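One structure below.
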Amino acid sequence: MSNDVLILGGGVGGTIVANLVAKEVGDRARVTLVDATGTHVYQPGFLYVAVGQQHASAIQRAESALLRDGVKLIIDTATFVDTKARKVVLKSGHTLRYDELLFATGSRTVMGEVPGGLAAHDFYTLEGAERLWRTLKDFTGGTIVIGVAGIPYKCPPAPVEFAFLLDDYLRARGIRDKSEIKLLSPLNRAFTIEATSKLVQPILAERGIELTGFFNVESVDPSAKTVTSLEGETFEYDLLVLVPPHRGQKVIERSGLGDERGWVPVDKNTLQHLNFPDVWAIGDTTNIPISKSGSVAHYEATVAAAEILAAVKGEAPPAHVYDGKVMCFLETGKGHATTIRFDYDHPPVSPTPSRLWHWAKVLFNKTYWHTVPQGRLP
Amino acid sequence: MSITIAMTLDLKGLSCPLPIIKTAKAMKELAPGQLLEALATDPGSVSDFKAWSKATRNPLLESAEDAGVFRFVLQKKEA
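So the protein lines, in turn, are chains A and B.
FYI, in our numbering the residues of the first sequence are 1 to 378.
FYI, in our numbering the residues of the second sequence are 1001 to 1079.
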């Protein structure tokens, strides 16, 4: 009898796992990937869409074009997982059985959890990034406030990068002197990672970006145009850009497979569900205390694919496990960038920002479509 | 002034910056002068609690470690 490998989610992680498993598995298993939209979105591009450097069409492709022939793509949404019967119910009413199940369903943003928050802009969805760009184009000066309304969120350095790209944009428009940029951080530094914060804080100061620490956004008053923190501080804004609170997908909560925010509890090395050995999760979907980012999903995908292949073949789990590896680019404006690299055993390190890292990011963004989803980069 | 703890937060296993954010949320529930006890395992929380206390002017009355568990006692500032 043939085995069924079922993958939920056609983002970076799910696509790599589907392709790697399909490449190796032969006729021992069927590989099916379920994706809600059938469109693969390169989420790091949201930042560039928000400041008008990239068009939405440049950061999305049909998922079908990125999958190997051996993968069956179903455009639908999983609504319930029955782990006893090993079945997944879809929105269309169809049911799929599985022998190995992978959650690669990412995260969803819930700005509505912040009182008044829906009045804020964000760049955490493609629609949000496009709306922010439309507003920014007509901006003529004033106070732009950037804040964080929930932890954890995707790509921890993104608010800092947005501040730098915004500074570039306002300078190019000739309205920087009529504008203030205030960056509100949940901690007493630019973002969670201390070493990189130390590196970028002097650059923020040099660009006239005002950093305020320990400002955890609690509520927004759209009529007074103010934002207030848990710590009791209030700032006025003309344009407010918030990182929205994030949650896992509803199917996880509904199926009782996650924690109170819908994150799936997995072993931090094997990515296997702590209660169900035939279920794995990667990327934003997990509860592992590591960055929610595409690079994490990418590195985890190669591990999950090997684990699933071993399960299909009835072999012992592979020796290679996820070691907590993260690698991110961080744009610092004016055509410069740095990187952040770390894993479970090595603290983050960042080189001095340079043009080289900016061009490396540009190159990665361009070559992504031909390398990463196919599993061609390790 | 009473020395009883009004609220205890178990933040063990959480990593930066969750301990300090959960603490900031909980402190809002307390009346001025009341004490909050927080237990955490993230080593980064030692400097975070100290800095948060200084920035928000809620006194940090205790910061200690016992077998890998950090214990902090914060007092809600007077209004």
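We put the CB at the ideal spot given by N, CA and C, even for glycine.
Fair warning: this is a prediction, and the values are worked out from it, not measured in the lab.
For a contact meaning CB atoms closer than 7 Å, what does residue i contact in chain B?
| i | result |
| --- | --- |
| ILE340/A | What ILE340/A touches in chain B: nothing, since even the nearest Cβ is about 15 Å away. |
| GLY213/A | ALA1055 |
| THR226/A | Residues of chain B passing the Cβ test: none, with the nearest at roughly 18 Å. |
| PRO289/A | SER1015 |
Take the Cβ of residue i as the centre, count every other Cβ of all protein chains shown within 10 Å, and call the residue buried at 16 or more, exposed below.
| i | result |
| --- | --- |
| ARG134/A | exposed |
| MET1/A | With a pLDDT of 49 at MET1/A, under the threshold of 50, the predicted position of this residue should be treated as unreliable, though the coordinate-derived value follows. It counts as exposed. |
| ALA1064/B | exposed |
| ALA50/A | buried |
| ASP1042/B | buried |
| TYR153/A | buried |
| ALA18/A | buried |
| TRP359/A | exposed |
| ASP1066/B | exposed |
| PRO156/A | buried |
| SER92/A | exposed |
| SER197/A | buried |
| ALA29/A | buried |
| ASN216/A | buried |
| ARG355/A | exposed |
| ASP69/A | exposed |
| GLY335/A | exposed |
Just to make sure I have the definition right: I need the residues of chain A whose C-beta is within less than 7 Å of the C-beta of residue i. Which are they?
| i | result |
| --- | --- |
| LYS1028/B | LEU230 |
Can you list the residues of chain A that residue i reaches, using a CB-CB cut of under 9 Å?
| i | result |
| --- | --- |
| LYS1025/B | ASN216, GLU218, LEU230 |
Nearest-angstrom Cα distance between residue i and residue j?
| i | j | result |
| --- | --- | --- |
| ALA78/A | THR37/A | 12 Å |
| VAL312/A | GLU253/A | 27 Å |
| GLU218/A | LEU165/A | 26 Å |
| LYS137/A | ASP168/A | 14 Å |
| GLY141/A | PRO317/A | 58 Å |
| GLY208/A | GLU180/A | 8 Å |
| VAL321/A | LYS292/A | 18 Å |
| ARG247/A | PRO186/A | 18 Å |
| LEU6/A | THR109/A | 25 Å |
| ASP4/A | ASP278/A | 11 Å |
| ALA305/A | GLY1013/B | 28 Å |
| ASP99/A | ILE288/A | 24 Å |
| ASP177/A | ILE75/A | 48 Å |
| VAL326/A | HIS346/A | 10 Å |
| ASP1048/B | LEU199/A | 19 Å |
| TYR299/A | SER223/A | 45 Å |
So, for residue i: in the same chain, excluding its five sequence neighbours on each side, which residues have a beta-carbon less than 7 Å away from its beta-carbon?
| i | result |
| --- | --- |
| MET1027/B | LEU1036, ASN1058, LEU1074, LYS1076 |
| VAL25/A | VAL31, LEU309, VAL312 |
| TYR368/A | TYR42 |
| GLU1062/B | ARG1071, PHE1072, VAL1073 |
| GLY1068/B | THR1041 |
| ALA1006/B | LEU1030, GLN1034, LEU1035, LEU1036 |
Using a C-beta to C-beta distance shorter than 9 Å, which residues of chain B count as neighbours of residue i?
| i | result |
| --- | --- |
| ILE151/A | PRO1017, LEU1018, ILE1021 |
Under 6 Å Cβ to Cβ from residue i, same chain only, skipping five residues before and after it: list those, please.
| i | result |
| --- | --- |
| THR15/A | LEU66, PRO373 |
| LEU183/A | ILE146, ALA163, ILE209, LEU211 |
| LEU132/A | ALA50, HIS121, PHE123 |
| GLN54/A | GLY45, TYR48 |
| GLU1078/B | PRO1032 |
| THR339/A | PHE329, TRP357 |
| LEU170/A | ARG176, SER179 |
| SER255/A | PHE80, VAL81 |
| ALA297/A | VAL12, GLY13, ILE282, GLY283 |
Who pairs with residue i in a beta bridge, going by DSSP?
| i | result |
| --- | --- |
| GLN272/A | TRP280/A |
| ILE308/A | Partner(s): none; ILE308/A has no beta bridge. |
| SER1063/B | PHE1072/B |
| PHE46/A | According to DSSP, PHE46/A bridges with nothing at all. |
| ALA337/A | GLU331/A, SER354/A |
| PHE80/A | VAL89/A |
| HIS246/A | THR109/A |
| GLY388/A | Since the first residue of chain A shown is 1 and the last is 378, residue 388/A is not available in this structure. |
Since residue i meets chain A, which of its residues come closer than 8 Å, beta carbon to beta carbon?
| i | result |
| --- | --- |
| ALA1006/B | The premise fails here: ALA1006/B is roughly 18 Å from chain A at the closest Cβ pair, so nothing lies under 8 Å. |
Identify, in the order they occur along the chain, each residue of the same chain with its Cβ nearer than 8 Å to the Cβ of residue i, setting aside the five sequence neighbours on each side.
| i | result |
| --- | --- |
| LEU47/A | PHE123, ALA129, ALA158, GLU161, PHE162, LEU165, GLU331 |
| LEU126/A | VAL41, PHE46, VAL49, ALA56, ILE59, GLN60 |
| PHE191/A | PRO156, PRO157, PRO159, VAL160, SER185, SER197 |
| THR226/A | VAL220, THR234, PHE235, GLU236, TYR237 |
| LEU274/A | PRO265, VAL266, ASP267 |
Which residues of chain B have a Cβ atom closer than 8 Å to the Cβ of residue i, listed in chain order?
| i | result |
| --- | --- |
| ASN188/A | ASP1048, ALA1051, TRP1052, ALA1055 |
| THR192/A | CYS1016, PRO1017 |
For a test of your reading of the model: does the CB of residue i fall under 8 Å from any non-hydrogen atom of the ligand PLP? Yes or no.
| i | result |
| --- | --- |
| GLY13/A | Within the structure as shown, the ligand PLP is missing, as the structure has no ligands at all. |
Does any C-beta atom of chain C lie closer than 9 Å to the C-beta of residue i?
| i | result |
| --- | --- |
| GLY1044/B | Absent from the structure is chain C; the protein chains it does hold are A and B. |
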